[in-house]
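Participant:
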Amino acid sequence: MGLQNAAIIAVADRLAVSQRVLLISHISPDGDAIGSMLGLKALLEAQGYMVTAANQDGVPKWLRSETIVPGWQTVVTHAGNASRYDLVITLDC
């Protein structure tokens, strides 16, 4: 089994035992960071996970449009206590 396959299996195994997932990205997020979080958020929620997308700097003003970035309002700046989550996934870093 290749390293890439092993990594995919490890992520799938971890997701299988999780319910509450926190998604985070780098500070001063750009469109890629916000889009990555929201895309994965939608995918995981469709699978029944409770998902929080968070970035300490929030969504940049130029992306705050439902036409440009649907769901941008769901990105929070404070995710609360880390113990609330079973899994943290870092994107676009």
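Residue numbers for the sequence shown follow my numbering, so the first one is 652 and each next one is one higher. Beta carbons: idealized from backbone N, C-alpha and C, even for Gly. Remember, it's a predicted structure, so these values are computed and weren't measured experimentally.
Alpha carbon to alpha carbon, how far is T703 from I740? Give it in angstroms, no decimals.
Facilitator: Roughly 10 Å between the two C-alpha positions.
Participant: By a C-beta neighbour count over all protein chains shown, 10 Å radius and 16 as the cutoff for buried, is V668 buried or exposed?
Facilitator: Exposed.
Participant: Count the other CB atoms, across all protein chains shown, that sit within 10 Å of the CB of K692; report buried if there are 16 or more and exposed otherwise.
Facilitator: Under this definition K692 is a buried residue.
Participant: Is the beta carbon of V727 less than 8 Å from the beta carbon of G686?
Facilitator: Result no, Cβ atoms of V727 and G686 do not sit closer than 8 Å.
Participant: Would you tell me roughly how many angstroms separate the C-alpha atoms of W723 and A730, rounded to the nearest one?
Facilitator: Near 15 Å, if we compare the C-alpha coordinates of A730 and W723.
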